[in-house]
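Trainee: Quick note on the UniProt record's numbering: the sequence shown kicks off at 1 and runs consecutively. Dropping a structure here in structure tokens format, bear with me for questions.
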Amino acid sequence: MSYVEVPGAKVPIRMWTDPASVEDVALQQLKNVATLPWIKGLAVMPDVHYGKGATVGSVIAMRGAVCPAAVGVDIGCGMSAVKTSLTANDLPGDLSRLRSKIEQAIPVGRGMHDDPVDPERLHGLATAGWGDFWGRFDGVADAVKFRLERATRQMGTLGAGNHYLELLFDSEGSVWLTLHSGSRNIGKELADYHIGVAQKLPHNQGLVDRDLAVFIADTPQMAAYRNDLFWAQEYAKYNRTIMMALLKDVIRKEFKKAKPTFEPEISCHHNYVSEERYEGIDLLVTRKGAIRAGSGEYGIIPGSMGTSSYIVKGLGNEKAFNSASHGAGRRMSRNAAKRRFTTKDLEEQTRGVECRKDSGVVDEIPGAYKPIEQVMDQQRDLVEVVAKLKQFICVKG
């Protein structure tokens with residue numbers, strides 16, 4: 001489908017989904033965003049749903065301003081994917097050992113490494129800029145400085161919620177590795193701090209929603225936020241890079257005979273800010289639950305822990321600010337999923353997948369998400385599918 005326009009106060013709301021299918025609270029959030037004085041455009045992806053502070057699945061283009069709540073608290077959250085030389089024929093009959101080895105190598109949930117990971121010891125991992133990156137921690141907000149040790153030990157860890165690691169087959173039987181994570185606790189604390197600062201600024205006092213408080217260009221508060229935002233986005237990218245290197249090491253050890261090789265990594269943020277230019281105007285584009293899908297750019301759009309994921313190539317649709325969905329998108333809240341589904345339902349919906357099937361992940365059940373095939377169909381003018389993947393191992397926090 002192409003987009004549907006819904007009237008907005010300052011800009012039309014371009015929606016790559018049926019507006020009638022969007023929850024009232026999410027639609028109101030989007031209408032609130034469209035009232036912001038600095039807004040130049042608003043695109044809504046087919047995985048749209050209500051989010052804390054701002055709508056998940058929204059792409060907000062502003063001139064000279066940025067809204068920290070519209071990035072979300074997991075700054076730089078995103079996906080990485082790697083195609084391997086392994087095929088279905090290389091796999092053991094029992095996948096539980098392989099899942100266990102992955103969980104031993106990569107801390108999940110609230111877990112962290114006993115000691116910070118040294119990238120130099122990871123097989124073939126490029127470490128350019130590593131020292132400079134940590135050196136710049138001295139320049140982030142004083143409010144989070146005491147978290148340095150935790151930040152170093154959480155680097156290369158998964159987290160909880162909808163974060164995961166998966167092994168998947170493509171349609172030709174090749175094995176892929178994918179993972180989904182962000183900037184861990186340090187990103188959340190930086191986001192919370194700056195959202196608090198923004199909400200106290202005088203120019204934000206008349207907004208229809210205090211969660212939409214912005215920083216404006218050429219102010220010290222904007223400069224401080226941009227510094228910390230871009231540092232956290234870099235943290236998230238390093239976090240995924242290190243986890244992928246740890247995951248590859250597990251694969252090498254477990255499949256020594258097959259001597260696995262790995263294609264170049266595909267990586268994309270889906271909670272972040274980017275400086276981009278449209279119609280001759282420099283804009284700050286915030287994607288919360290959306291990936292960049294510029295012409296020819298690779299991206300990853302996952303489903304859920306029991307459904308397909310997609311490797312895609314962007315079509316460069318400027319009406320969507322070169323964006324696409326970040327996944328299937330939730331169709332019910334975590335609490336609603338826990339009320340509706342049981343562990344038996346989870347077992348049924350993840351049959352054939354080696355994964356957790358306990359009450360702690362019922363809120364991540366596939367039934368709590370929108371049908372990924374429908375989401376993909378609604379964005380045919382945003383991306384083309386390069387590979388369709390289906391998981392056989394899923395590791396969750």
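Even glycine gets a Cβ: it sits at the ideal position worked out from N, Cα and C.
Take A69 and list the residues in its own chain whose beta-carbon comes closer than 6 Å to its own, dropping the five residues that flank it on each side.
Mentor: G53, A54, I195 and D211
Trainee: Quick one: what does DSSP say L284 is sitting in, helix, strand or coil?
Mentor: strand
Trainee: Pairing CB atoms from the stretch 47-67 with CB atoms from the stretch 148-161, are three or more of them under 8 Å?
Mentor: no
Trainee: So, with DSSP's three-state summary, where would you put R356?
Mentor: coil
Trainee: Mapping the DSSP letters down to three states, classify V214 as helix, strand or coil.
Mentor: coil
Trainee: Quick check: what's the CA-CA separation for V273 versus A368?
Mentor: Taking the straight line from one Cα to the other gives about 28 Å.
Trainee: Given a threshold of 16 other Cβ atoms within 10 Å of its Cβ, counted over all protein chains shown, does G8 qualify as buried or as exposed?
Mentor: buried
Trainee: Give me whichever residues DSSP pairs with Y310 in a beta bridge.
Mentor: The beta-bridge partner set that DSSP reports for Y310 consists of I301 and K388.
Trainee: Between the alpha carbons of D115 and T343, how many angstroms are there, rounded?
Mentor: 35 Å
Trainee: Return helix, strand or coil for Y235, following the three-state DSSP convention.
Mentor: helix
Trainee: Between the Cα of H123 and the Cα atoms of D358, F230 and V250, which residue gives the shortest distance?
Mentor: The residue among D358, F230 and V250 with its C-alpha nearest the C-alpha of H123 is V250.
Trainee: Would you mind reading off the limits of the alpha helix (DSSP H) that contains N185?
Mentor: First-last of the alpha helix (DSSP H) with N185: R184 to K200.
Trainee: Helix, strand or coil for Y272 per DSSP?
Mentor: For Y272, the secondary structure class from DSSP, reduced to helix, strand or coil, is strand.
Trainee: Starting from the Cα of R330, find the closest Cα among E348, R252, G173 and I372 and give me that residue.
Mentor: I372
Trainee: If you pair each beta-carbon of the stretch 141-161 with each one of the stretch 220-239, do three or more pairs fall below 8 Å?
Mentor: yes
Trainee: In this structure, how does DSSP classify Q266 when only helix, strand and coil are distinguished?
Mentor: This sequence places Ile at residue 266; Gln is not what is there. I266 falls in the strand class under three-state DSSP.
Trainee: Spatial neighbours of L247 within its chain, please: CB distance less than 8 Å, with the 5 preceding and 5 following residues excluded, ordered by chain position.
Mentor: I102, A105, I106, L165, L177 and L179
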